[in-house]
Each structure stands twice: as structure tokens, then as C-alpha cells.
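Asker: Under my numbering, the first residue of the sequence shown is numbered 4, with each subsequent residue one higher. Right, I'll just put the structure down here and ask away after.
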Amino acid sequence: MNQHVLSIILFVVFVAGTIGITFWASKNTRTAADYYAGGRSFSGVQNGLAIGGDYMSAASFLGIAGIIALYGYDGFLYSIGFLVAWLVALLLVAELMRNSGKFTMADVLAFRMSPRPVRTAAGVSTITVSIFYLLAQMVGAGALVGLLFGIQGEAAKAGTIAVVGLLMIIYVVFGGMKGTTWVQIVKAVLLMSGAALITLLVLGKYGFNLSTLLGTAAEQSGKGDQFLEPGGRYATDAQGITGIIDLISLGLALVLGTAGLPHILIRFYTVPTAKEARKSVNWGIGIIGAFYLLTLVLGFGAAALVGSEAIRKQNAAGNTAAPQLAQAAGELIFGETGGTILLAVIAAVAFATILAVVAGLTLASSSSFAHDLYAHVFKRGNVTERQEMVVARIAAFVIGIAAIGLGILAQGLNVAFLVALAFAVAASGNLPAILYSLFWKRFNTSGAVWAIYGGLISAVVLVIFSPVGSGKPTSLFPDVDFHWFPLDNPGIVSIPLGFLCGYLGTILSKEYNATKFAEIEVRSLTGAGAEKASLH
Numbered sequence: 004m005n006q007h008v009l010s011i012i013l014f015v016v017f018v019a020g021t022i023g024i025t026f027w028a029s030k031n032t033r034t035a036a037d038y039y040a041g042g043r044s045f046s047g048v049q050n051g052l053a054i055g056g057d058y059m060s061a062a063s064f065l066g067i068a069g070i071i072a073l074y075g076y077d078g079f080l081y082s083i084g085f086l087v088a089w090l091v092a093l094l095l096v097a098e099l100m101r102n103s104g105k106f107t108m109a110d111v112l113a114f115r116m117s118p119r120p121v122r123t124a125a126g127v128s129t130i131t132v133s134i135f136y137l138l139a140q141m142v143g144a145g146a147l148v149g150l151l152f153g154i155q156g157e158a159a160k161a162g163t164i165a166v167v168g169l170l171m172i173i174y175v176v177f178g179g180m181k182g183t184t185w186v187q188i189v190k191a192v193l194l195m196s197g198a199a200l201i202t203l204l205v206l207g208k209y210g211f212n213l214s215t216l217l218g219t220a221a222e223q224s225g226k227g228d229q230f231l232e233p234g235g236r237y238a239t240d241a242q243g244i245t246g247i248i249d250l251i252s253l254g255l256a257l258v259l260g261t262a263g264l265p266h267i268l269i270r271f272y273t274v275p276t277a278k279e280a281r282k283s284v285n286w287g288i289g290i291i292g293a294f295y296l297l298t299l300v301l302g303f304g305a306a307a308l309v310g311s312e313a314i315r316k317q318n319a320a321g322n323t324a325a326p327q328l329a330q331a332a333g334e335l336i337f338g339e340t341g342g343t344i345l346l347a348v349i350a351a352v353a354f355a356t357i358l359a360v361v362a363g364l365t366l367a368s369s370s371s372f373a374h375d376l377y378a379h380v381f382k383r384g385n386v387t388e389r390q391e392m393v394v395a396r397i398a399a400f401v402i403g404i405a406a407i408g409l410g411i412l413a414q415g416l417n418v419a420f421l422v423a424l425a426f427a428v429a430a431s432g433n434l435p436a437i438l439y440s441l442f443w444k445r446f447n448t449s450g451a452v453w454a455i456y457g458g459l460i461s462a463v464v465l466v467i468f469s470p471v472g473s474g475k476p477t478s479l480f481p482d483v484d485f486h487w488f489p490l491d492n493p494g495i496v497s498i499p500l501g502f503l504c505g506y507l508g509t510i511l512s513k514e515y516n517a518t519k520f521a522e523i524e525v526r527s528l529t530g531a532g533a534e535k536a537s538l539h
């Protein structure tokens, strides 16, 4: 059977299955708690799998493998950063957020502050971060289509991005959190199975000797031992001190960003108790940790078996390295037919990955718009659950259309890189407000608004006026050059700015509510009253 025909069949089977799950879930989605938090009915194990499915995005599977294959050692820093970030999420926010909130990040902030300005700021930040992250998934979908269906050209890839966008709108509009969670659980199992299979095939080829694999990868890269040393992408002689600072900036964004990602934070609200929240994060860490170890073999395996030149020829940013490796490994072990089958399976899994993650992101941003902006800012709480859910579904449609348009524009960028930018924005705007709110007694409305807007605006502005925006062939606008900020990653400037703005906003305002802080402190540590509370 032709590879492209097989790929299409597998893709259609997965899509049909997940749409079936979505419509099954829609029958059980009656209340706002069902739509936003899956009725808080998922176990720790189920939610852990879903967290893994939400977190192991196209950036992880396609982008990281590509960056490692093209740049070696520096690419693996993405894997390390994404993994270490989970420790921050686990230790600082997971259980506390679940105990304190209701449906969104803004619930925690608004509890002890003036709700309207805080919810407005949190809603704007959530939607901005989600759009950045959505961009990465859409670009991944466009990069994958040429390999998956044998279609080339910008118009064809744009069509694929549109299809992915429409599917994610269906998942979110009809399935809500229940449908999205089950799609993510299925996808997590498929992705782990696919990545483990390729890893075993690659290691088997090199006698399960990692040193042999790394040596071959270095040789095939054309860079020799330098491929296995720092400086392939960052801190090169050409970049000098700028490259070193850029690398530190990237690390800061990756490690601190997870705890501020809206689509990860809302996952903690889907479990019934604090104990299940802890269990879900532990399961998530286990799954995610194992996966990021596999990306080491995927990346260096692609460099060894496929070669940097072949990867760049298919996709300049390296986003197709993992599927190309699947085909090469399959052909080595099972012949041409085996390569065709494995490529089709892995490409379909990659598409499943994209669909599951974009559904989670769209749900987070549409929930924030409906629950925070519409219900509590525009309507001042005078709205029924049914009206709120209708608005959430309309918002999901609008955000999906926006993501499709932006994804078509950003096709030339590496998906892991785009996700790193989303992490930078989350770490700069959301994280300072969350940590201050949970741990600083003096924190107030002014501080929250300053922290969110200060971090958010500084991160976005620096990205626009960095080499990501213009000045390079891989920039968003490659034909012009208006950049003045030298770093690709803004985190080293924007994250401290977010914390500083939160501090200044707080001390310059006289507002202070010790009683509310004491109440949220008890709730965050014990979970007392969190389930029944209606936070306005």
C-alpha cells in the first residue's frame, strides 16, 4: 500500500475515533463544571495521562527532535528545560492552585482582590499565551503534511492548518473538558508507544550502545565532536556573549513557564481532591520524564540515520526529523514496506498530538474569555451557566479561526522555538501574579494588574522587535529588518520585569486585605471549601 494512502487512512481512523469520543462526552456535558473542569470526575491516573498528553506537544515530538538532530547538545537543553519545569509546577502551584480556584487562573487572583481589573488582565494574558502556543501546533501541522500526505507547497500546508483548526473547534465546542481530556489520554498512550518503538529500533541498530549512537550522529552531522558539545545553536563564536545570555534566557523561560501555562493550570481543577491532584502531577512527571529521555534518542537517532542535510531539505527548521527517523528506522529493520508503515503510524500520532494539544489550548482560552471576561467583567456576575457556556463555545470558534490565520503566517519557524516563546510570556506575566498571590500577604489588585500587564507587554514587545520578528530568513517577517533586541528569547529581561512590576504596583497602592489572604492561605493548604466555593 502507498505510504500516503496508509497515512490518510490512519489519520481518518484517529479523527473518527476522537470525534466519536467528543460527541459521547457532549452528552455528559450539562453544567459549567462539566464544560470547564470535566465535572471534577477524573482520577489522578487519568488526569496524569491527560497532563502528559497536554504537555507533550508537537514542540516536544517534532521540534525538539529536530533541534537535537540539527544542533546536537544545545537542542537537548529544550528537553531538560521542559522536564525540570515540572518540579516548579509541582512544588509551587499544582496543589495550591487546585485547592484555591474553581475553573481558571483568574479565580485564584480575584478571590482576594478587586475582581474586574484582575480578571481582565488574567483573561488577556491567558488568551495571549494560548495563541503563542497554538501557533506552534499549527506550524507543526503544516510541516507534517508534506511528509504525511505527500503534498507540497504553501497553499497545501495552509489547507492542512485550516483542517486541524476546524477539528480542534469541534472537540472544544462539543466535548468541553471531558471530551478534550479523553482525546489527550488516548493521544498520550499513542505518543509514548510510538516514541518508545522508534527508540528501541534506533538503539537496536547500534547494539543498545548510546556512545555508538552519539558517535555516529556526530560523524553524520559534519561537525564532529563539536556536535556533542555546547555551542551548536547558542553561545557560538559568532554570537559571543549574546549567545550565552540567550541560552540563559531560554532556560529561565522553560523552567519557570510551565507553572504559568493556562492550559496546564486548568488541568488541576479536573480532579475531586487535593490527594488526586498530587497523584496526577506525579503520574504526569513520570510520563513526561520518560518521554523527554526518549527525545534524546529520537534527536541523535535522526542525525545518525537521516542526516542533517536530508532533514533540512524536507523542512529547514527540522520539524520533520522524527517522522523521517521513523521511516529510516523502519526500512532498516523491516524493509521498505516497514518504513512506509512506521512513517504513516508516527505521522498520524504526531497529528494526534497536535489535535489534542490545540484542543486543550483552545479550551483554556475560551474558558477564560467566557468565565473571566464575559461573566465577571462584562456582565458583573449576572449571567447564567448556560449563557456562559454558549459564550465559551463561540469564543472557541473565534480563537480557532484566529489561530488558523496566524499559523499560516508563521510556517517558517521551528515549533519548539515558538513554544519557548509561549513559555517566556507565561513566566513573565502569569507566574509573578500567581506566586505573589499565593505567598505574599501584602499583594493587592494593583500589584496583580501591574505584574500581568508588565510581564506580558514586555515579553511580547521584545519578541516582536527581536530576530524572531524580523532580520533572519526564519523570522516571522524575513524580508524586512526592524529588530533592535538582540536575543531570540526575551525571558531574561521580561521575567524579572514582571516580578518587579508586581512589587512596585503593590507597594505603591494602599489596598490590603489580611483576612482574605488568611482565608486563601488556609484554602490553598487544606482545600477546605474549595469545591463548594463560588469565587467572584
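For glycine and all other residues, C-beta sits at the position ideal for the given N, C-alpha and C.
Specify the secondary structure class of S461 as computed by DSSP and reduced to three states.
Answerer: In the structure shown, S461 sits in a helix (DSSP, three-state: H, G or I).
Asker: Does the distance from the C-beta atom of A347 to that of L13 stay below 7 Å?
Answerer: Yes, Cβ-Cβ distance for A347 and L13 is below 7 Å.
Asker: Ignore the nearest five residues each way along the sequence and tell me which others in T21's own chain have a CB closer than 6 Å to its CB.
Answerer: V186
Asker: What residue does the alpha helix (DSSP H) around T365 start on, and which one ends it?
Answerer: 324-371
Asker: For the alpha helix (DSSP H) holding F303, just list the boundary residues, first then last.
Answerer: 277-308
Asker: DSSP three-state call for F480: helix, strand or coil?
Answerer: strand
Asker: For G51, tell me which candidate among F135, R281, P493, G197 has the shortest Cα-Cα distance.
Answerer: R281
Asker: Would you give the residue range spanned by the alpha helix (DSSP H) that T184 belongs to?
Answerer: 179-208
Asker: Mind checking which residues open and close the alpha helix (DSSP H) that includes Q229?
Answerer: For Q229, there is no enclosing alpha helix (DSSP H), as DSSP marks it with neither H nor E.
Asker: Could you compute how far the alpha carbon of R396 sits from the alpha carbon of S29?
Answerer: 12 Å
Asker: Three-state secondary structure (DSSP) at H539?
Answerer: Residue placement at H539 is poorly supported in this model, since its pLDDT is 40, which falls under 50; the coordinates still yield a value, given next. DSSP places H539 in coil when its eight states are reduced to three.
Asker: With distances taken between CB atoms, is the gap from F488 to L465 smaller than 7 Å?
Answerer: yes
Asker: Helix, strand or coil for S473, going by three-state DSSP, please let me know.
Answerer: Per DSSP, reduced to three states, the secondary structure at S473 is strand.
Asker: For G505 and S133, I'd like the C-alpha separation in whole angstroms.
Answerer: Between G505 and S133, the C-alpha separation is close to 22 Å.
Asker: Answer with yes or no whether the minimum CB distance from V96 to chain C is below 7 Å.
Answerer: In the structure shown, chain C does not exist; there is a single protein chain.
Asker: Compare the beta carbon distance of I437 and L255 with 7 Å and say whether it is the shorter of the two.
Answerer: no
Asker: Are the Cβ atoms of G321 and L73 separated by less than 7 Å?
Answerer: Between G321 and L73, the C-beta gap is smaller than 7 Å, which places the two residues in contact.
Asker: Are I164 and M195 touching if we call contact CB-CB under 7 Å?
Answerer: M195 is positioned such that its CB atom lies no closer than 7 Å to that of I164.
Asker: By the three-class DSSP mapping on this structure, what secondary structure does D491 have?
Answerer: D491: coil per DSSP, three-state reduction.
Asker: Measure the alpha-carbon distance for L410 versus F45 and round it to whole angstroms.
Answerer: It should be noted that the sequence gives Gly, not Leu, for residue 410. Each residue's alpha carbon lies about 32 Å from the other.
Asker: On the premise that S440 lies in contact with Q112, defined as a C-beta separation below 8 Å, what is that separation, rounded to the nearest angstrom?
Answerer: Reading the sequence as shown, one finds Leu at residue 112 and not Gln. The Cβ separation is near 5 Å, so the contact holds.
Asker: For L264 and A429, what's the separation of their Cα atoms in angstroms?
Answerer: A direct Cα-Cα distance of roughly 6 Å separates L264 from A429.
Asker: According to DSSP, simplified to helix, strand and coil, what is I12?
Answerer: helix
Asker: Would T123 pass as a contact of L366 if the rule is Cβ separation under 7 Å?
Answerer: no
Asker: Near G178, what residues of its chain come up, given a Cβ to Cβ distance below 6 Å and the 5 sequence neighbours on each side ignored?
Answerer: T25, A28, S29
Asker: Which same chain residues end up closer than 8 Å to T131 when comparing Cβ atoms and leaving out the 5 residues on each side of it in sequence?
Answerer: V428, G432, L459, V463
Asker: Going by C-alpha distance, which of L170, S63, V175 is nearest L296?
Answerer: S63
Asker: Can you give me the start and stop residues for the alpha helix (DSSP H) that K30 sits inside?
Answerer: Where K30 is concerned, there is no enclosing alpha helix (DSSP H), given that its DSSP letter is neither H nor E.
Asker: What does the alpha-carbon distance come out to for the pair I402 and I336?
Answerer: Straight-line Cα distance between these residues: approximately 44 Å.
Asker: On the criterion of 16 or more Cβ atoms from any shown chain inside 10 Å, does Y515 qualify as buried, or is it exposed?
Answerer: Exposed.
Asker: Starting from the C-beta of F271, find all residues in its chain whose C-beta is less than 7 Å away, skip the five residues before and the five after it, and write them out in chain order.
Answerer: Only A97, M100, R101, A280 meet the Cβ criterion.
Asker: How far does the alpha helix (DSSP H) with V386 in it reach, from first residue to last?
Answerer: That residue, V386, is in no alpha helix (DSSP H); it is neither H nor E in DSSP.
Asker: Please confirm whether G143 and I290 have their CB atoms less than 7 Å apart.
Answerer: no
Asker: In the DSSP assignment, find the alpha helix (DSSP H) that holds V166 and state where it starts and stops.
Answerer: Here the alpha helix (DSSP H) through V166 covers 157-173.
Asker: Please list, in chain order, all residues of the same chain as L376 whose beta carbon is under 6 Å from its beta carbon, the five residues on each side excluded.
Answerer: If we look at L376 and ignore the five residues flanking it on each side, its Cβ neighbours are G126.
Asker: Keeping to the same chain, check which residues put their C-beta closer than 6 Å to that of G304; ignore five residues upstream and five downstream.
Answerer: V205, L328
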